[in-house]
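Going by numbering that gives the first Met the number 0, the first residue of the sequence shown is number 0, and it counts up by one from there.
Where a beta carbon is used, it is the ideal one built from N, C-alpha and C, also for glycine.
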Amino acid sequence: MALPFPLASEPDQHASETGRKLFAGPVDFVKGVVAMSGLPPADRAEVCFAGRSNVGKSSLINALTGRKALARASNTPGRTQEINYFALGDSHYLVDLPGYGYANAPLPKVAAWQALLKQYLSGRATLRRAFVLIDARHGIKEVDEEILSLLDSAAVTFQCVLTKADKVKAQDREAVLTQVRGKLAKHPAAFPEIILTSSEKGDGLATLRATIASVA
Numbered sequence: 000m001a002l003p004f005p006l007a008s009e010p011d012q013h014a015s016e017t018g019r020k021l022f023a024g025p026v027d028f029v030k031g032v033v034a035m036s037g038l039p040p041a042d043r044a045e046v047c048f049a050g051r052s053n054v055g056k057s058s059l060i061n062a063l064t065g066r067k068a069l070a071r072a073s074n075t076p077g078r079t080q081e082i083n084y085f086a087l088g089d090s091h092y093l094v095d096l097p098g099y100g101y102a103n104a105p106l107p108k109v110a111a112w113q114a115l116l117k118q119y120l121s122g123r124a125t126l127r128r129a130f131v132l133i134d135a136r137h138g139i140k141e142v143d144e145e146i147l148s149l150l151d152s153a154a155v156t157f158q159c160v161l162t163k164a165d166k167v168k169a170q171d172r173e174a175v176l177t178q179v180r181g182k183l184a185k186h187p188a189a190f191p192e193i194i195l196t197s198s199e200k201g202d203g204l205a206t207l208r209a210t211i212a213s214v215a
């Protein structure tokens, strides 16, 4: 029997080159959005990155694009309060969603961010896939379940991307993968492959680039 939610395989040469070209071309910060009325025109395919604070989202975006400071990393969880839009040439938007699970943010701000997140995920017709970043050291936590259920209800296909894979010993990785697969099996919107990444070592970046390039 096939393993549920296998690790995504390395892309073939054509897919790898397509992904490389997409991210090697112009990558520009477009704007930070704090309300749905501020979203740019829905004139191209869109993918978004979601993840709890400190999951390594900014580091992964910077590694994908080869630009060290494109996305602002912060030592303070919850600092990014906007939906940040980046243009990949003129074919894709890469959207950096506010981190969630921030324990120290004021409650009214948390509520506002959550409301904006729900509006965006439910109302953006050009959103092709959400990539939900999960720390490979910890697996899916309760705070992640809310976003996964939200994506189910919004009928937005999401793919799990495990970050910081270089921080996990091989024997511990299998236990985390088993936990993640069990959790994903409960979510109908989950794309049936997991991408394992390391921003520091470069693992999985070609696979993730190729996957994003294929979503149109």
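*Are the region 203-210 and the region 5-15 touching, with three or more C-beta to C-beta distances below 8 Å?*
Segments in contact, yes.
*Reduced DSSP secondary structure (H/G/I, E/B, other) of T75*: Locating residue 75 in the sequence shown gives position 76, counting from the first residue. Its pLDDT being 48, under 50, T75 is placed unreliably in this model, and the coordinates cannot settle the point.
*How is the alpha helix (DSSP H) around K108 delimited, first residue to last?*
As a working mapping, residue 108 is identified with position 109 in the sequence shown. Boundaries of the alpha helix (DSSP H) around K108: 106-122.
*Buried versus exposed call for K56 [16 or more other C-beta atoms within 10 Å across all chains shown]*: Mapped onto the sequence shown, residue 56 falls at position 57. That one is buried.
*Hey, A129 and V109 are a contact pair by Cβ (cut 8 Å); roughly how many whole angstroms apart?*
The residue you call residue 129 lines up with position 130 of the sequence shown. The residue you call residue 109 lines up with position 110 of the sequence shown. Rounded, the Cβ-Cβ distance is 20 Å, inconsistent with contact.
*asked:* Taking 8 Å as the threshold (C-beta atoms), are R136 and K163 in contact?
replied: As a working note, residue 163 is residue 164 in the sequence shown. As a working note, residue 136 is residue 137 in the sequence shown. The beta carbons of K163 and R136 sit closer together than 8 Å.
*Using alpha carbons as the reference points, say which of L183, L132, A153 lies closest to F48.*
As a first step, residue 48 must be located in the sequence shown, where it is residue number 49. Considering only alpha carbons, the answer is L132.
*Spatial distance of V54 from D134 (CA atoms)*: As a working note, residue 54 is residue 55 in the sequence shown. As a working note, residue 134 is residue 135 in the sequence shown. Whole-angstrom Cα-Cα distance: 6 Å.
*What do you get for N74, buried or exposed, if any count of 16 or more other CB atoms within 10 angstroms of its CB means buried?*
Looking up residue 74 in the sequence shown gives position 75. The predicted model places N74 with a pLDDT of 49, which falls under 50 and marks its position as unreliable; any figure quoted below should be read in that light. Sixteen is the threshold: since fewer than 16 other Cβ atoms of the shown chains lie within 10 Å of the Cβ of N74, the residue is exposed.
*In whole angstroms, what is the alpha-carbon distance linking P187 and N61?*
As a working mapping, residue 187 is identified with position 188 in the sequence shown. As a working mapping, residue 61 is identified with position 62 in the sequence shown. C-alpha separation (whole angstroms): 30 Å.
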